[in-house]
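First residue of the sequence shown? That's 24 in our numbering, and the numbers climb one at a time after it.
For glycine and all other residues, C-beta sits at the position ideal for the given N, C-alpha and C.
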Amino acid sequence: MNEALKTEYEVNEKTIALLAVEEDGKIRMKVMEEDDFFIVDKSPTKVIDASCKYFGSDLSGRISGTKAITNYTHKSPIVVSGMLKLYYFPTMSPSRVECSWISHNFVRDFFPSETDYRKTMVQFMNNVWEELAVSPGVFSNQLERTAQFRLMYEKRFISPVRHSFVSEPSPSTPVR
24 MNEALKTEYE
34 VNEKTIALLA
44 VEEDGKIRMK
54 VMEEDDFFIV
64 DKSPTKVIDA
74 SCKYFGSDLS
84 GRISGTKAIT
94 NYTHKSPIVV
104 SGMLKLYYFP
114 TMSPSRVECS
124 WISHNFVRDF
134 FPSETDYRKT
144 MVQFMNNVWE
154 ELAVSPGVFS
164 NQLERTAQFR
174 LMYEKRFISP
184 VRHSFVSEPS
194 PSTPVR
C-alpha cells in the first residue's frame, strides 16, 4: 500500500471501489484500483460527485437520470461516464459520510461474512477480497439494480427508435 495521503482523486477505468474508512476519528477513503490501493483525505461520495462533474454532470444529476430511466429512488446506481462505462453503486445512502461506492465492472463474487452476518465478503476481478459493511442481501440487490440500470441505459444508445421532440404533421394537415 502506498502510504502517502492524497488529497484529490478522480474515478477512472482502473477504479474498483471507493471505501469509507475511519482514521483518527475522520472518514477518509480507501481507493482500490486494479493494481494499487491508497488513502485519500476525502469521503467517497465527495469524490464520486467531483468525478461526475469532470464528466459533465454532478452526483445529483446522475441520480436524477437514474431515477428517470429506472424509477429507483433510494441508493441509486449511477453512471459516472457512459463513454467509459463507469457504473457505480452505493453501499448505503450517499447522504451518509460512511457510504462506499463499488464499481459494477469489477465485482467477481460475494458471500456473507463468516464473522458478521451484516457484512459481505466481496471478491473483485483482481482477486482481492474485501469485507464491506453492507449485508449480503443489500449488496446483491445493489449489484442487480446496477446491472438492470446499465442494460436500460446502454439500450438507449443502440435502439433504432429514437425519441424526438419534433412533431410530425397530423394526417389531416396537407403536406406541401
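Between serine 66 and alanine 91 the beta-carbon gap is near 26 Å, outside 8 Å, which marks them as no contact. According to DSSP, residue pairing for phenylalanine 129 in a beta bridge does not occur. Your pair isoleucine 39 and phenylalanine 129 checks out as a contact, with CB atoms roughly 4 Å apart and the cut at 8 Å. The beta carbon of valine 157 is closer than 6 Å to those of Thr114 and Thr143 in its chain, skipping five residues each way along the sequence. When secondary structure is reduced to three states using DSSP, proline 135 falls in the strand class. The beta-carbon distance between glutamate 153 and serine 136, rounded to whole angstroms, is 11 Å. This is too long to meet the 8 Å contact definition. Distance between threonine 89 and asparagine 35, taken at the CA atoms: about 20 Å. Our two residues, histidine 97 and serine 116, have alpha carbons roughly 7 Å apart in a direct line. Counting along the chain, no alpha helix (DSSP H) covers threonine 143; the unbroken beta strand (DSSP E) around it starts and ends at 143-147. Counting along the chain, the unbroken beta strand (DSSP E) around proline 113 starts and ends at 109-113.
For glutamate 167, the enclosing alpha helix (DSSP H) has its first and last residue at 159-181. Taking each of Ser118, Tyr95, Gly79 and Lys49 in turn and checking the Cα distance to methionine 106, the smallest one comes out for Gly79. Annotation for glycine 84: Cys75 place their beta carbon closer than 8 Å to its own, counting only its chain and skipping 5 residues before and after.
The beta carbons of phenylalanine 112 and histidine 127 sit about 6 Å from each other, so the pair counts as a contact at 8 Å.
For threonine 30, the number of other beta carbons within 10 angstroms of its own is below 16, and it is reported as exposed.
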